[in-house]
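If you read the sequences in order, they're chains V and F.
Here the first sequence is numbered in my numbering, starting from 33 and rising by one per residue.
Here the second sequence is numbered in my numbering, starting from 33 and rising by one per residue.
Here's the structure, in structure tokens; my notes come after.
2 protein chains.
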Amino acid sequence: MSVVTLIGSGQMASALTFPLIENGHEVRLVGSPLDGEIIDRLRQDRYHINLKRTLHDGIRYYKIEDLNESLKDTDLIVCGVSSFGVDWFADEILPVLNEDIPVLSVTKGMLNEEDGSLVTYPEYWERKLPTGSKLGIYAIGGPCTARDLSDHDQSFVGFCGRNLEKLKWIRSLFETDYYVISLTEDVVGLESAVALKNGYALGTALAIGMAEKLGDDGVDHNNSEAALFQQSVKEMMELLKIVGGRPENIMFAAGDLNVTVAAGRSRTVGLLLGKG
Amino acid sequence: MSVVTLIGSGQMASALTFPLIENGHEVRLVGSPLDGEIIDRLRQDRYHINLKRTLHDGIRYYKIEDLNESLKDTDLIVCGVSSFGVDWFADEILPVLNEDIPVLSVTKGMLNEEDGSLVTYPEYWERKLPTGSKLGIYAIGGPCTARDLSDHDQSFVGFCGRNLEKLKWIRSLFETDYYVISLTEDVVGLESAVALKNGYALGTALAIGMAEKLGDDGVDHNNSEAALFQQSVKEMMELLKIVGGRPENIMFAAGDLNVTVAAGRSRTVGLLLGKG
């Protein structure tokens, strides 16, 4: 049994408590400064107001004031903040962490720098570490909605990081028969692949919105969705090459594009744009 | 204006008459020995009984007995047979063709040889040509249903073949604002990519069938579909490597997988299997 501390009690971090608890680990869920209401309700009856699921028994809940207590003897830290919390995590959390305890991030996205180049969150955080810090930062990518994971729907994701042995140990904490994890040392490739897909999901969903706008015109409009899907995969492969990611990561980009077009927020935006 | 003779009046060859006629070409549609009823009805009121669409005015219809007449002064031959007609086309049609007139095939699939290796249709036909024949065989791949093409839904396909200049000319006959064509000299890559996707579409559709079987269980089941989609892309990339296709052709495999999971026959089979 290991101890896992999840910092940020958003949907994905909270969904990860399902495999962790089922694998017999001690799970500590720490609300960020914005998560007060979530933690209050979880303490009351284990219901997560955003995830809309009841979490397993046995999770320990913390508010951010009790961060130090939540970190005591922990074996793994999960960064569960949304992309809006990336700087908070860098400024407030990273400096107080023990550099021997690895961090696994669920935050998807990339930051653009002033010169226009893109940087993954793990890289961004690594740059913010004190000189000489050995803190290992790992990340999760791939097509996985928090609700489906909570509902034990079959999910297939990627974990990435520079130390494959450590990655294997992290995987062992999470892997279940419904949560399948592929490992890669290509952080830029995986993180870029899953970040890229948001823009393309919006683009692909345009076709669905345009079809809905036309109403029941007797046309299936499968070709136009597939055309945008295909063009998206083409461009994502080219972009992956540009950022130095390995081409096989296109599987995560395509898989994540599939789920995001089916159900993500980017779908909603694209659909509305497509409808005009 | 060019003259295009389509041999086999199945759904895809017949759908291709839309861009061809709209681009101002003379179009000759020749029924295979199995297409008698289709040609009879087309001659009557231009309605295609399988495609379930009315074709444009001005197409000339032929039965196979009038093949020679249909080939007179033609500039391009389209092979429109289904995979069941591949040998018929090889044995009955290829030998009578003028080797200076290129052939463009719409037939998707691969043949397995006795030793278990797979061969694309263009390669198979090339082997059957008389020694020294210069006949150029080109092919269409990518996500495109015949009905959506007939309905002018945006479609994005690939044309492949060994002579890029000739391919550019063939594309010029077909390309319209709704039928967008990418060219590649990698015949094995494109043809393998679009053939592979059928098995994987069946596999991915399993998740949809399993979800339907469970009924309204409150679970979206997007993760499991995306997991199978992602695994499919992963395996198709590996298979592409094995057959010697270039990795960028994965875009056609992923795009075609998307449309086939949405609407193909393989979806139906996978769905039924998933339901048990």
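Where is the CB? At the ideal position from N, CA and C, for every residue including glycine.
query                                                                                                                                                        : result
So who's on the other strand from G173/V, going by DSSP bridges?                                                                                             : G190/V
Scan the region 226-306 of chain F and note each continuous alpha helix (DSSP H) run of 4 residues or more that stays entirely inside, going in chain order. : 254-275, 282-295
Note down, in chain order, every chain F residue with its Cβ under 8 Å from the Cβ of F284/V.                                                                : Q262
So, does the CB of D181/F fall closer than 8 Å to a CB anywhere in chain V?                                                                                  : According to the sequence displayed, residue 181/F carries Leu and not Asp. Yes, contact with chain V.
Helix, strand or coil: how does DSSP classify N195/F here?                                                                                                   : coil
Cβ of A294/V less than 8 Å from any chain F Cβ?                                                                                                              : yes
Quick one, which of L38/V, I53/V, T236/V has its alpha-carbon nearest S114/V's?                                                                              : L38/V
Does the beta carbon of S298/F come closer than 8 Å to any beta carbon on chain V?                                                                           : no
Would a check of beta-carbon distances place M269/F closer than 8 Å to chain V?                                                                              : yes
Tell me the rounded alpha-carbon separation between N144/V and W157/V.                                                                                       : 14 Å
Using 10 angstroms around the beta-carbon of P51/V, count the other beta-carbons present and answer buried if the total reaches 16, otherwise exposed.       : buried
How would you list, in chain order, the residues of chain F whose beta-carbon sits under 7 Å from the beta-carbon of V138/V?                                 : None at all; the shortest Cβ gap to chain F is about 14 Å.
On the CB-based measure, 16 or more other CB atoms within 10 Å of its CB, does L272/V come out buried or exposed?                                            : buried
Would you mind working out which of K140/V, N255/V, M242/V sits nearest A294/F, comparing C-alpha positions?                                                 : N255/V
Taking the beta strand (DSSP E) that E58/F falls in, what are its first and last residues?                                                                   : 58-62
Would you kindly work out how many angstroms separate the C-alpha atoms of L129/V and A122/V, rounded to a whole number?                                     : 11 Å
Of all the CB atoms in chain F, is at least one closer than 8 Å to the CB of N144/V?                                                                         : no
Could you list which residues in chain V have their beta carbon closer than 8 Å to that of N230/F, in chain order?                                           : Within chain V, no residue comes near N230/F; the closest Cβ sits about 14 Å away, beyond 8 Å.
Quick check: the Cα distance between H80/V and F261/V, rounded to an integer number of angstroms?                                                            : 34 Å
Got a sec: is the Cβ-Cβ distance from T177/V to anything in chain F below 8 Å?                                                                               : yes
If I follow the unbroken alpha helix (DSSP H) through M44/V, where does it start and stop?                                                                   : 43-54
Could you compute how far the alpha carbon of R75/V sits from the alpha carbon of I172/V?                                                                    : 27 Å
Would L136/V and L181/V qualify as a contact pair, given that the criterion is a beta-carbon distance under 8 Å?                                             : no
Please report the residue range of the alpha helix (DSSP H) in which Y156/F lies.                                                                            : 153-160
Using a cut-off of 9 Å between C-beta atoms, extract the partners of D252/F located in chain V.                                                              : T177, R179, D180, D183, D185, A294, A295
Rounded to the nearest angstrom, how far is the Cβ of L99/F from that of V138/F, given a contact under 8 Å?                                                  : About 18 Å; that fails the 8 Å criterion.
Check whether the Cβ atoms of E257/V and N290/F sit closer than 8 Å, and answer yes or no.                                                                   : yes
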